[in-house]
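>
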Amino acid sequence: MSTPRIFGDYESKWQKAWDEQGLYHAAQPGTIEAKEKFYGLVEFPFPSGAGLHVGHPRSYVAIDVVTRKKRMEGKNVLFPMGWDAFGLPTENYAIKNHVKPQDATTANVNNFRRQLKMIGFGFDWGREVNTTDPAYYKWTQWMFLQFFKSYFDESTGRARFVEDREAPVKGRGERGEGSGDTLPTTHYPLPSARMAYKTTTTINWCPSCKIGLANEEAIGGVCERCGSVVEKREKAQWMIGITKYAERLIHDLSTVNYLERIKKQQIDWIGKSEGAFIDFKVAYGQRLTVDGGDAVRVFTTRPDTLFGVTYVVLAPEHEFVSKWIADGVILNIDEVRAYQQASAKKADMDRTAEGKEKTGVKLEGVSAINPANGEEVPVFIADYVLAGYGTGAVMAVPAHDERDFAFAKKYELNIVEVIKPKRDIFQAKYSLVKKELESLGTPIENPEQEKDWQKKLDEEFNGFCKRVELGEICWPHEGSLMNSREFNDRYSEDAVAEITSWLEKKQSGEKTTNYKLRDWIFSRQRYWGEPIPIVICPSCGYVPVPEEQLPVLLPDVESYEPTENGESPLAKIREWVETTCPHCGGKAERETDTMPNWAGSSWYFMRYCDPHNDRAFASEEALKYWMPVNLYNGGMEHTTLHLLYSRFWHKMMWDLKLLPESIGPEPYASRVSHGLILAQGGEKMSKSKGNVVNPDDVINEYGADVFRVYMMFIGPFDQPAPWDVKGIEGVKRFLDKVWRLFEIADSELRIADSGLETIYHQSVKKISSDIETLAFNTAVSQLMVLTNAFTDAGGVPEEMVEGYLKLLAPFAPHLAEELWHTLGKGGSVHMSGWPTYDETKTVSASFELVIQVNGKVRDRIQVPSDISEDEAKAKALASENVQKYLEGKEPKKIIYVKGKLVTIAM
RNA sequence: GGGCUCGUGGCGGAAUCGGUAUACGCAAGGGACUUAAAAUCCCUGGCCCAAAAGGCAUGUGAGUUCAAGUCUCACCGAGCCCACCA
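Here it is as structure tokens:
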């Protein structure tokens with residue numbers, strides 16, 4: 003063997019060889035090779051013009067290591083890769099550089115593929131998918147149509163086909179012409195009962211990208227992509243009814259193995275809160291109550307504070323405001339209108355800029371009636387009430403809500419505290435009386451007397467509860483807002499339940515559950531996305547494009563610029579837009595909106611199962627075999643977007659029986675997340691700071707194996723880690739050392755030292771379990787320990803050579819394969835089986851027994867591993883140094899921890 | 001403001017159940033080899049002390065325990081996420 007060469011010819015040589023051998027080919031079910039499966043998945047990248055970022059490979063190498071181990075263990079492994087290639091960056095690039103988005107995508111994909119291949123991943127490249135490929139997006143469009151043709155069945159809590167009301171659903175991909183849709187498509191606007199529906203909503207409009215954004219993409223009122231401040235606009239948009247699945251998206255998390263913080267973030271995002279709707283009848287002008295008039299419906303999680311309501315607040319956008327203006331019941335119209343306009347503009351600006359100062363305007367001429375006690379309270383509009391949450395109206399309880407309190411203080415409104423009937427208040431009172439009596443010299447010893455007191459207490463308590471029910475108990479409170487501890491102390495679930503059922507009896511409210519999650523805005527007014535396969539017919543309404551006409555191809559266009567009025571560039575291509583209605587044959591137009599780029603990524607893991615199927619998105623057989631994904635890794639930034647959307651998408655498909663029942667409603671059995679790779683010094687890598695590390699440079703300098711091992715060694719996988727040029731040098735030295743080890747081994751040096759046996763078996767054990775728990779950094783460190791041991795011993799014992807190379811193989815696949823073949827081994831190390839260990843051999847013959855006196859280490863002695871407890875204690879006591887500390891006294895207690903220590907307590 | 005995560009050498013970080021704190025790597029100092037350099041190899045390495053013995057050390061302060069980086073409470077600090085969600 004020549005000089006150590008970690009990078010160079012042999013890496014590309016093996017990459018080529020593996021490719022030709024089809025080493026990473028995942029066998030389809032039904033074939034001989036299809037054994038027990040393992041599906042490892044990494045998020046497919048968006049192929050940007052900038053090329054691969056070092057952050058990508060951290061995730062890919064990790065799952066590559068896991069799947070390589072699984073493959074060696076004899077599993078039939080699916081580890082695929084593809085391209086999530088629709089999206090704005092490509093479109094913007096195309097506009098700027100006057101190229102076709104298609105061409106830019108192809109170029110970027112080729113570059114990404116080249117970069118990934120250099121790293122030596124075990125991807126099954128035969129399964130590569132691309133969301134912009136018509137053969138792929140045909141099925142994205144097809145799925146959209148399935149959602150359009152289905153509705154949410156409240157009685158079963160599952161989505162089902164509209165035609166399901168009359169006829170059973172046919173199999174996947176076989177829903178041909180003439181499938182009778184019994185829910186007419188002629189409804190305009192469409193009933194939102196459908197899973198996919200079009201409706202006019204206020205959308206987040208990015209003036210820079212000229213695109214409508216989902217709520218998830220406009221966090222903090224800022225466009226997720228370009229950082230521009232978003233505006234509110236009214237627009238007809240396609241929506242998908244994810245809110246119908248809110249409960250199941252929370253509930254089913256208990257059936258999967260996700261990192262706790264991922265579960266928590268999803269639950270928080272869905273934002274479930276239990277409470278009640280309460281109706282406040284409205285009184286106009288002089289008339290106190292109006293039967294059959296408007297009632298403002300508010301949402302509250304604290305119906306038990308109803309007696310503390312001193313005013314009602316509507317969001318400035320609330321429909322009643324304009325209605326009341328039109329009806330002429332509002333007396334201060336100018337002031338109200340001015341406030342509405344101001345707050346509409348304010349939504350466009352950074353909200354935190356104005357701090358949390360609360361503003362609002364009283365609606366003169368209107369008041370609301372508290373259904374609990376008939377009290378008339380003023381009505382305000384204020385932008386601290388959000389139009390999009392709950393009912394867009396709240397009952398204000400300044401004594402128990404900080405925001406209401408701040409507002410009430412500013413506008414000098416009443417603050418009324420609600421006292422809850424809490425038993426401990428009475429208990430305290432009872433104790434006081436008892437103490438007082440005792441201090442007067444009349445101790446209560448008589449048990450009868452004690453019972454009597456208890457009885458009185460109960461009576462008084464029950465009477466108090468009654469008065470609360472009648473709405474009598476609430477009285478003005480002059481103090482400031484209670485601190486939160488006091489507030490929570492007084493909170494009572496019973497009181498909430500009681501008041502809610504009372505409201506329901508009176509028909510002025512109902513129990514409800516509210517979610518922060520909004521329906522998914524599915525329309526984008528851009529070119530580079532899947533066209534929504536719908537035809538708009540003046541007489542039939544929204545008509546689905548017949549399935550045999552899919553895909554609806556993106557037409558070639560001259561210019562990709564979106565229009566100023568917010569229409570998609572597709573709208574400018576009249577010959578594409580103009581079509582005939584598939585339903586009535588009359589003149590009609592195509593839908594010009596395209597789908598968000600979350601569409602293609604919501605189901606790509608299904609396509610990988612059977613990527614070349616042209617009759618279905620995947621065969622039932624393939625789905626049954628491969629799904630669910632065993633291990634899915636991706637960034638935390640996708641927890642509330644992609645991860646939630648794809649879980650939801652999978653559930654809809656499963657409900658519609660488009661997926662095999664047996665795979666269950668959850669697509670991913672396990673989801674983990676990697677930490678960011680930071681620049682040297684701990685800052686985020688960014689182009690503007692010029693601290694971006696290019697994987698190409700690293701691989702050219704050090705080779706793929708060094709890059710891979712360093713990626714795994716850099717730190718705990720789920721935590722951020724700063725890139726360190728010196729650190730990678732250390733890894734290079736390590737792999738050089740491995741190489742040299744075999745130069746020695748090659749010279750026929752044989753080691754017969756059983757001292758190596760222990761460390762070898764320990765290493766097999768530790769590395770095996772570390773890969774399972776994704777503790778890659780300690781797995782690499784154990785490989786180093788083992789390598790150092792071999793180096794110190796002067797070589798690798800013959801019987802450990804294969805096992806050692808196998809342990810190395812998932813991390814440094816090229817080096818392991820090269821050495822495997824240099825040593826004359828047949829086949830491929832990557833198919834050679836995972837090494838086993840003998841538990842009894844992980845324990846050495848002797849160990850260092852630590853002896854402590856009062857918790858401090860006083861001596862260490864070498865003893866045989868099978869030493870008995872009594873022997874160990876005796877040896878410990880016999881130690882000279884221990885004797886010194888005992889000072890001839892008898893120890894109080896002696897504790898023996900097997901295989902570790904003896905501790906003597908004085 | 002709320003939630004989550006975390007504070008261990010000069011640095012990245014180890015440390016199953018509470019049981020030898022600082023594995024592994026980097027950087028540093030010293031030495032060997034070499035005309036020299038690179039590469040490689042060997043030695044040293046938490047702090048106090050000349051050394052030994054001993055003492056002090058896992059953000060700070062208490063507590064539980066024979067024994068605490070690990071458990072409990074309080075405080076200080078950092079990072080991430082959400083943020084007027086009624």
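For the first sequence, this note's numbering assigns the number 3 to the initial residue and increments by one for each residue that follows.
Glycine residues also receive a C-beta, built at the ideal position from the N, C-alpha and C atoms.
Consult DSSP for residue 721 and reduce its assignment to one of helix, strand or coil.
The answer is coil: DSSP assigns residue 721 none of H, G, I, E or B.
> Can you tell me the Cα-Cα spacing of residue 674 and residue 413, whole angstroms?
Those two C-alpha atoms are separated by around 50 Å.
> Closest by CA to residue 44, which one among 13, 86, 50, 12?
If we check each option's Cα against that of residue 44, 86 comes out closest.
> With a Cβ-Cβ cutoff of 9 Å, do residue 679 and residue 60 count as a contact?
For residue 679 and residue 60, yes; Cβs fall inside 9 Å.
> Excluding sequence positions up to five away, which residues of its chain have a Cβ less than 7 Å from the Cβ of residue 607?
Closer than 7 Å at the Cβ level, and outside the excluded window around residue 607, lie 43, 631, 669.
> Does the distance from the C-beta atom of residue 572 to that of residue 529 stay below 9 Å?
In contact: residue 572 and residue 529 (Cβ atoms closer than 9 Å).
> Going by the beta-carbon positions, is the gap between residue 315 and residue 199 smaller than 9 Å?
Cβ atoms of residue 315 and residue 199: not closer than 9 Å.
> Check whether the segment 73-93 and the segment 500-515 touch, using three or more Cβ-Cβ pairs below 8 Å as the test.
With the cut-off at 8 Å, the segment 73-93 and the segment 500-515 do not touch.
> Between the C-alpha atoms of residue 367 and residue 331, what's the straight-line distance to the nearest angstrom?
Residue 367 and residue 331: Cα-Cα distance of roughly 6 Å.
> Specify the secondary structure class of residue 179 as computed by DSSP and reduced to three states.
Residue confidence is low: residue 179 scores 34 on pLDDT, short of 50, so the model does not pin down where it sits. No coordinate-derived value is stated.
> Inspect the beta-carbon positions of residue 311 and residue 298 and report whether they are closer than 9 Å.
No, they are not a contact pair.
> Is it buried or exposed, residue 900, if we count other Cβ atoms within 10 angstroms and call 16 or more buried?
Residue 900 should be labelled exposed.
> Could you spell out where the beta strand (DSSP E) holding residue 206 opens and where it closes?
Residues 198-208.
> Would you kindly report the start and end of the unbroken alpha helix (DSSP H) that includes residue 913?
Residue numbering for the chain in the displayed model covers 3 to 908; residue 913 lies beyond these limits and cannot be assessed.
> So the candidates are 859, 857, 851; which of them puts its Cα closest to the Cα of residue 870?
Closest option to residue 870, Cα to Cα, is 851.
> Check for me: the beta strand (DSSP E) holding residue 397 runs from which residue to which?
Segment 395-398, the beta strand (DSSP E) holding residue 397.
> Check the DSSP bridge columns for residue 632 and list the partner residues they point to.
Answer is none; residue 632 lacks a bridge partner.
> Taking the alpha carbon of residue 363 as the point to measure from, which residue in 380, 23, 370 has its own alpha carbon closest?
Comparing Cα positions, the closest option is 380.
> Which residues does DSSP pair with residue 674 in a beta bridge?
According to DSSP, residue 674 bridges with 635.
> Is the beta carbon of residue 122 less than 9 Å from the beta carbon of residue 816?
Their beta carbons are under 9 Å apart, which means residue 122 touches residue 816 by this criterion.
> In three-state terms, what does DSSP make of residue 600?
Here residue 600 sits in coil by DSSP.
> Using only alpha-carbon positions, find the residue among 157, 158, 868, 246 that is nearest to residue 518.
Of 157, 158, 868, 246, the residue nearest in Cα terms is 246.
> Give the DSSP-derived three-state secondary structure of residue 902 in the structure shown.
Here residue 902 sits in coil by DSSP.
> Give the DSSP-derived three-state secondary structure of residue 708 in the structure shown.
In the structure shown, residue 708 sits in a helix (DSSP, three-state: H, G or I).
> DSSP on residue 101, reduced to helix/strand/coil?
Coil at residue 101, not helix or strand.
> Among residues of its own chain, excluding the 5 on either side of residue 768, which ones have a beta-carbon nearer than 8 Å to its beta-carbon?
780, 781, 784, listed in sequence order.
> For a minimum of 4 consecutive residues, which ranges assigned as the alpha helix (DSSP H) are wholly contained in the segment 514-591?
Qualifying alpha helix (DSSP H) stretches, in chain order: 576-579.
> Of all the options 878, 844, 845, 27, which has the alpha carbon lying nearest to the alpha carbon of residue 859?
Considering only alpha carbons, the answer is 878.
> I'd like to know if the segment 88-100 and the segment 54-73 are in contact, where contact means that at least 3 CB-CB pairs between them fall below 8 Å.
No, the segment 88-100 does not touch the segment 54-73.
> Alpha carbon to alpha carbon, how far is residue 543 from residue 238? Give it in angstroms, no decimals.
Distance between the alpha carbons of residue 238 and residue 543: 14 Å.
> Excluding the 5 residues preceding and the 5 following residue 716 in the sequence, name in chain order all residues of the same chain whose CB lies nearer than 6 Å to its CB.
Contacts found: 723.
> If you reduce the DSSP assignment to three classes, tell me which class residue 170 lands in.
Low confidence applies here, because residue 170 scores a pLDDT of 35, under 50, leaving its location unreliable and the question unanswered by this model.
> Would you call the segment 546-553 in contact with the segment 613-627, where contact means no fewer than 3 C-beta pairs closer than 8 Å?
No: fewer than three Cβ pairs fall under 8 Å.
> Residue range of the alpha helix (DSSP H) that residue 267 falls in?
First-last of the alpha helix (DSSP H) with residue 267: 262-272.
> Smallest Cα separation from residue 575: which of 595, 671, 586?
Looking at the Cα atoms, 595 is the closest of the given residues.
> Rounded to whole angstroms, what's the CA-CA distance from residue 327 to residue 335? Just pull it up for me.
So the two alpha carbons sit approximately 7 Å from each other.
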